Structures are given as structure tokens and as C-alpha cells.
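Residue numbers are given in UniProt numbering: position 86 of the sequence shown equals residue 86, and the series is strictly consecutive.
Remarks on the structure that follows.
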Amino acid sequence: MTIPLVRVHGVDDVRLDNIDKPRTAPGDVLIEVLLCGICGSDLGYIGMGGLGMTHPMPLGHELVGSVAEVGERVSHLQIGDRVVVNPMAGGNSIGNGGTEGAFSPYLLVRNVAADERAVIKIPDGLSVDQAAMVEPLSVALHGCRQGNAKAGDKVVIFGAGPIGLCVALCLNYLGVERLVIVDQSSHRLAAAESIGAVPFKAGSNNLGEFLIQQHGQSELMGMPVPSSDIYIEATGAKPVFEQIMNTAKTGARVVVLGLHKQSVPLDLANVLLRELNIVGSMAYSDEFPAVIEMLTGGKIDLQPIISHRFPLSQFSEAIAQASEPDEAIKVLIDCQC
Numbered sequence: 001m002t003i004p005l006v007r008v009h010g011v012d013d014v015r016l017d018n019i020d021k022p023r024t025a026p027g028d029v030l031i032e033v034l035l036c037g038i039c040g041s042d043l044g045y046i047g048m049g050g051l052g053m054t055h056p057m058p059l060g061h062e063l064v065g066s067v068a069e070v071g072e073r074v075s076h077l078q079i080g081d082r083v084v085v086n087p088m089a090g091g092n093s094i095g096n097g098g099t100e101g102a103f104s105p106y107l108l109v110r111n112v113a114a115d116e117r118a119v120i121k122i123p124d125g126l127s128v129d130q131a132a133m134v135e136p137l138s139v140a141l142h143g144c145r146q147g148n149a150k151a152g153d154k155v156v157i158f159g160a161g162p163i164g165l166c167v168a169l170c171l172n173y174l175g176v177e178r179l180v181i182v183d184q185s186s187h188r189l190a191a192a193e194s195i196g197a198v199p200f201k202a203g204s205n206n207l208g209e210f211l212i213q214q215h216g217q218s219e220l221m222g223m224p225v226p227s228s229d230i231y232i233e234a235t236g237a238k239p240v241f242e243q244i245m246n247t248a249k250t251g252a253r254v255v256v257l258g259l260h261k262q263s264v265p266l267d268l269a270n271v272l273l274r275e276l277n278i279v280g281s282m283a284y285s286d287e288f289p290a291v292i293e294m295l296t297g298g299k300i301d302l303q304p305i306i307s308h309r310f311p312l313s314q315f316s317e318a319i320a321q322a323s324e325p326d327e328a329i330k331v332l333i334d335c336q337c
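This is the structure in C-alpha cells:
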């Protein structure tokens, strides 16, 4: 039996290939994939032709599904269980340079017996839409934790893409009320406003003055600066990071969440002067259970973020839509169509 699987063959060359249906080893689990979201990294992998592998690179890692087969050494799952998958657990790197990808009707998850965190059962009350967002929300929650975000903090998010908006949702859940989000897309800023963030269109006015209006004023060697406590950099754009470095108050926390593809010079005298706390945030460690609990509580509204749905058979059209920031935010793929 053959099944379709999305794979990158070269620069801007992504195809829906036919492969043999995977076989389950004793320590593995076979997942029937219901929904899988398109991540910004998927677009990046397509644009760069994969991760330098000699064979086609499978895509897809933001998924929800049900258990179709269970290896004999896997004890915590049963056929029919509704689950999410941690793509980085068990050494799998699903959709991120590994041998499997989730843009397919079936996904083989290896080494589940050795690492039970690889496949996690979800509560009955969690919808498939909510579950499909567990992975990106885990990325966002990890970024919040890296910045030690807490109720009462004044936070600025740069980038109202899926991850930036997920960060906003997580911050709302943590009790952060004075939240500003900066982006160039009016469409995405509208989504940000609908989930409780104060939008600012990049380049429209003086950001520093706007942040002082929203967060109050501090002084840095006699100069007025915003009293913002945390800056979340979720764009991967060099000018944005440089702007943060020249705006932050003394003791501000800066979380680098966006992937920077070019080097950014760091003025250590400026870091010293402002006593900045700069930290990176890469993927997640143990956030999946916390995100599932957060979603189960019913306090997170994902509808402003989920913008489009496509069947797997129309993956090319879905990728084109996901590449339009003024129209799309999170695009979900129905992998059974």
C-alpha cells in the first residue's frame, strides 16, 4: 500500500510523493494524522531546499491524530487514542530533517517505548483544532518561560505571525495585561487586537513614544525610555533586534524567539549600560503537558489564529496561501483528504 507524503526535493521544489505505508517496529507507534499545521520553518525549508540532505526531506511536525498501530513494547497507548506528537522527542526530528514527516495520512513515530513524551494522549474535551496548535503553543510558552514572564509584566512582541500570536495567548493566560504587539501586516494586527493585545503598525509612528504611552516612562542616563519589562523578538529580522537594543530600559529581558539567518552585531557596552538580560528560546523542553492543560481550561480562543484549511491533495495551494502574511496566519492541512 502506498500513501502520499510531502517532501522537499530542492530549492522551492516541494512535491506530494507516493511512498510505502510505514511498518511499525516493537518500540514504535503509527499515527493516523488528522490535521497538521504549516509552520514558518516549513516555508523556510522549502525556500532553502531542505537541510542539506541527499534524499528528499519530509515535512510536517504540528499534528494531531489517532493511534492506528502500537508496537508491542509501547505500554501507555492503545489503538484509537487521540494524541499529539512531540516531533523532537525520541531523537526523531519529525519534519525537521528526520526520516518522517506529518503531511501524510500516516506518520511513523519511532522510539516511543524509550521516550513516552514522543506521543501524548489528549483529553476527550480537546478539539482537533486545539490539539493541532499544541506544538506551536509549546514553542510560545517556552519563550514566555525563558523570559520569566509573569502577571504584571509589561511586554512587547515583535511579529504577529503564528508564533507571536501564540506568545500573546500564553501571556494572556499567565496574567499579562499590558501587551503590545508590533507588525507590518494590518490583517495580523487585527488578529492580535482581537485576542487582547494593543497593536502597533511598524513604521507608522515613533514606537518608543507609543510604548511610553502604553507602558510608562523610565530614564536611562537622563533619557526617556519605555518602561517595558520584556521584549519578545519573533521576527528574525536584524533591524528589529537592533531597535530593541536601542529602546530597552535598564534591566529589561529580551527573548530571541525568531530565527535570525544573518549575523547581528551586539554592542556589549550597550548591554552593560542597560544591564540587559538577553536569552534565546529554541523550540520547547517540557511544555506540551502545560499547553494541553491550558487549552483544556477553555480560556484560549484560537479562532483568530486559524485562518485557512486545505486538504492534503491541495498542498501546493496551501503553501501559496501560507506565504501571504496579509491574508493567512495559521494554515491547517486535513491529511485524510
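Each residue gets a CB set at the ideal place from its N, CA and C atoms; glycine is no exception.
None of these values were measured; they are calculated from a predicted model.
{"Query": "Cα-Cα separation, ILE306 to VAL74", "Result": "33 Å"}
{"Query": "Nearest to HIS76 (by Cα), restricted to the options ARG82, GLU116, LEU51", "Result": "GLU116"}
{"Query": "Inter-residue Cα distance where the pair is GLY159 and GLY216", "Result": "22 Å"}
{"Query": "Reduced DSSP category for GLN243 - H, G, I as helix; E, B as strand; rest coil", "Result": "helix"}
{"Query": "Sequence-distant residues of the same chain with beta carbon closer than 8 Å to GLN262, five excluded per side", "Result": "LYS238"}
{"Query": "Inter-residue CB distance, GLU62 and PRO123 (contact presumed, cutoff 8 Å)", "Result": "In fact, because the Cβ distance is near 19 Å, the residues do not count as touching under 8 Å."}
{"Query": "Short Cβ contact (8 Å threshold) for VAL58 with THR99", "Result": "Rather than Val, the amino acid found at residue 58 in this sequence is Pro. For PRO58 and THR99, yes; Cβs fall inside 8 Å."}
{"Query": "Separation of ILE3 from HIS142, as counted between CA atoms", "Result": "34 Å"}
{"Query": "CA-to-CA distance, ILE163 to ARG23, given in whole angstroms", "Result": "34 Å"}
{"Query": "GLU287 - DSSP class collapsed to helix/strand/coil", "Result": "coil"}
{"Query": "Inside the region 180-240 only - beta strand (DSSP E) runs reaching at least 3 residues", "Result": "198-201, 217-220, 223-226, 230-233"}
{"Query": "Three or more C-beta pairs below 8 Å linking the region 306-322 and the region 3-16", "Result": "yes"}
{"Query": "Touch test, the region 263-278 against the region 295-303, Cβ-Cβ under 8 Å, three pairs minimum", "Result": "no"}
{"Query": "Continuous beta strand (DSSP E) assignments of at least 3 residues falling wholly in the region 287-327", "Result": "306-311"}
{"Query": "Reduced DSSP category for ILE329 - H, G, I as helix; E, B as strand; rest coil", "Result": "coil"}
{"Query": "Straight-line Cα distance separating LEU108 from GLN336", "Result": "15 Å"}
{"Query": "Secondary structure of GLY101, DSSP reduced to three states", "Result": "coil"}
{"Query": "Classification of LEU259 by the beta-carbon crowding that lies within 10 angstroms, buried from 16 upward", "Result": "exposed"}
{"Query": "Boundaries of the beta strand (DSSP E) in which ARG145 is found, first to last residue", "Result": "First-last for ARG145: 134-146, but that is the alpha helix (DSSP H), not the beta strand (DSSP E)."}
{"Query": "From THR250, SER185, ASP129, CYS144, residue whose alpha carbon lies closest to that of LEU179", "Result": "CYS144"}
{"Query": "TYR106 versus GLY40 - alpha carbon distance", "Result": "22 Å"}
{"Query": "Straight-line gap, GLY152 to SER228 (C-alpha atoms, nearest Å)", "Result": "11 Å"}
{"Query": "Coil, strand or helix - CYS170 by DSSP", "Result": "helix"}
{"Query": "Rounded C-alpha distance that separates GLN321 from THR235", "Result": "19 Å"}
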